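Down below is the structure, laid out as structure tokens.
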Amino acid sequence: MKLNTYTTRALVGGVFATFVTGFGSFLLGNLSGYEAKSLIESSLPGINTLFNTVILASATILALMLTLLSVSVGSNSKLKNAHYSYVLQIAKLDTAVFISSMISFLLLNLPITESDNVPSNWFNIIYYISLGVASIHCGAIISVVLMLYNTISNIINIIGLGNSEHPLVMSDDNEDDENEG
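Per our numbering, residue 596 is the first one in the sequence shown, and the count goes up by one each step.
Spelled out as structure tokens, the structure:
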């Protein structure tokens, strides 16, 4: 997948958000198994809310991208294939975020703290994994939103403001090049 400037910026923003949100969990230092078990029980409602929000947001974004496509196709300006490739990248990432959030939500709702068969030293690992997965999903949905912002910004410049010199607008000169490639 070829990354353009907008995608790279959005992914850097998402990675930054992942590190910022994940950094807080490592400030706690080493935990005993009992402390980790207690923290899992207290943080699980917040993590569940995060995953519910990410699932809802990603599903809504996918549905609203259909509107974006209809606006793009219905515009008087002919848009280059790069615009549609970028929208496809957003859809792929958003779908991946939706699926991984749903799976993570279901896995984190297993009643692991109620089980007597889980050794207490595993709760440290489970706690840090749950926070890491939540941080990754936070960064991923931020990347999707930043990518969507870039696309909407381009559409506003092209359609709303009538910028016919925008790099994504196909001119008569490059129409033949776009159809060949």
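Where a beta carbon is used, it is the ideal one built from N, C-alpha and C, also for glycine. These numbers were taken from a predicted model, which means no experiment stands behind them.
Could you give the first and the last residue of the continuous alpha helix (DSSP H) run that contains residue i?
i: Leu701; result: Asn676 to Leu703
i: Met765; result: Element bounds for Met765: n/a, residue is neither H nor E.
i: Ser738; result: Trp717 to Ile750
What is the C-beta distance between residue i and residue j, in whole angstroms, given that I count them as a contact (C-beta under 8 Å)?
i: Ile731; j: Thr613; result: 6 Å
i: Ser653; j: Ile753; result: Actually they do not touch by this definition, with Cβ atoms about 26 Å apart.
i: Ile750; j: Ser667; result: 7 Å
i: Ser779; j: Val649; result: The structure shown has nothing for residue 779, since the chain only spans 596 to 776.
i: Val740; j: Lys673; result: At roughly 27 Å, the Cβ-Cβ gap does not stay under 8 Å, so Val740 and Lys673 are not in contact.
Kindly indicate which residue of the options has the alpha-carbon position closest to the one of residue i.
i: Ile635; options: Trp717, Gly669 and Met697; result: Trp717
i: Leu606; options: Ser759, Asn745, Glu760 and Ile750; result: Asn745
i: Ser699; options: Asn749, Val666, Met765 and Ile721; result: Ile721
i: Asn551; options: His761, Ser759, Leu703 and Gly757; result: Because the chain spans 596 through 776 in this model, residue 551 falls outside it and cannot be assessed.
i: Met742; options: Ser715, Leu701, Met765 and Tyr679; result: Tyr679
i: Thr690; options: Ser738, Asn719 and Gly641; result: Ser738
i: Val615; options: Gly734, Ser766, Val740 and Met765; result: Gly734
i: Ala677; options: Asn719, Thr600 and Leu756; result: Thr600
For residue i, count neighbouring C-beta atoms within 10 Å of its own C-beta (all shown protein chains included) and say buried if the count is 16 or more, exposed if not.
i: Gly669; result: exposed
i: Gly597; result: Note that residue 597 is Lys in the sequence shown here, rather than Gly. Its Cβ having fewer than 16 others within 10 Å, Lys597 is exposed.
i: Ala759; result: This sequence places Ser at residue 759; Ala is not what is there. Exposed.
i: Pro762; result: exposed
i: Gly641; result: exposed
The stretch 654–672 contacting the stretch 711–727, beta-carbon criterion three pairs below 8 Å:
no
Between the stretch 683–695 and the stretch 739–756, can you find at least three pairs of beta-carbon atoms closer than 8 Å?
yes
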